[in-house]
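To start, the structure under review is shown below, and the notes come after it.
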Amino acid sequence: LSRGAAAPRCAGAGEPSAVQPEPVGGPIGALVDAVAASRCGAINQRLVEASGRDAVLALTTESAKLMNAVNVATAMHRLATLEKKRRAERDVLLRDPRFEALLDSVVGRAAEFNARQTADVLWSCATLRHWPPLLLKPLLLRVVYHLERQTFEPHHLSVMSWAFATLECKPVRLLEDIDRQACAVSRELSPQNCANLLWGFAKLRQPSAELLPVVAARLESGLLDECKPVEVSDLAYA
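Next comes the structure, spelled out in structure tokens:
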């Protein structure tokens, strides 16, 4: 080598190798999880207490990156509850870009929904009379997931029956599973559960050889006397 010439070096010699980050675990990981859970819990409380559509949507926009599956389902349920008696204003909500962003969050979190959250989001869609195509696959897959594991409670089964009928959505195989599972827990059905189940199946013209006699027997056990007028009307329709 000539004087002053730089000595050749092996590729990568003297260069620091990239340090791979290690996963956070132990007490630090637990602390991070606790902080995240605390934040999500606070968001949920604010959603439940929100007094209007704009308050809910402002919160979901502000907290979009922090919200977990519980928050997303709660936001949908709160909006549906608020707008249930304000049908004239429903179109305003459905056109709001903040609501469209919330629907994207539903799609993104759907795979994490537990049984209650799945039923709540379906109820919300039915109450709002809004069933956009982007929600179809993720929500139905979640219904399949919980039906296969039999994690739905009687109330959830009846809500889904009502929601599918209201949305004019007839997933036959899922309805057959709902039928079987509702019959298996018939002793736990409330008057509202009975009315929603039978009304939903009748509205969708979903045949069932067992559901009607099983629910009828439940009602004849003294439950019929507890039915509200709207439930009697739904039962009569069925």
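Note that this note's numbering has the sequence shown beginning at 44, numbered continuously upward.
Ideal placement from N, C-alpha and C gives every residue a C-beta, glycine not left out.
Buried or exposed (CB count within 10 angstroms, at least 16 for buried), residue i
i	result
Thr194	exposed
Ser251	buried
Leu136	buried
Ser298	Since the first residue shown for the chain is 44 and the last is 281, residue 298 is missing from the structure and cannot be characterised.
Val91	exposed
Asp97	exposed
Arg138	exposed
CB contact flag (residue i, residue j, <8 Å)
i	j	result
Val258	Ser276	no
Cys226	Glu191	no
Thr209	His189	no
Gln224	Leu262	no
Pro214	Leu266	no
Leu241	Ala281	yes
Arg89	Leu102	yes
Arg121	Val99	yes
Inter-residue Cα distance where the pair is residue i and residue j
i	j	result
Trp166	Ala112	16 Å
Trp205	Glu105	33 Å
Arg172	Phe244	18 Å
Glu219	Ala260	20 Å
Leu178	Val150	6 Å
Leu183	Ala123	19 Å
Phe207	Leu247	8 Å
Arg130	Met119	16 Å
Thr117	Pro197	20 Å
Arg152	Leu145	10 Å
Under the three-state DSSP convention, the category residue i falls into
i	result
Leu190	helix
Glu196	coil
Ala112	helix
Ala80	helix
Ser106	coil
Ser264	coil
Ser276	helix
Ala93	coil
Ala281	coil
Margin query: In chain order, what are the residue ranges of uninterrupted alpha helix (DSSP H) at least 4 long that sit wholly in the region 198–261?
Written below: 215–227 and 234–247
Notebook entry, point to check: Could you give the uninterrupted runs of the beta strand (DSSP E) lying entirely in the region 119–186, keeping only those of 3 residues or more?
Noted result: none
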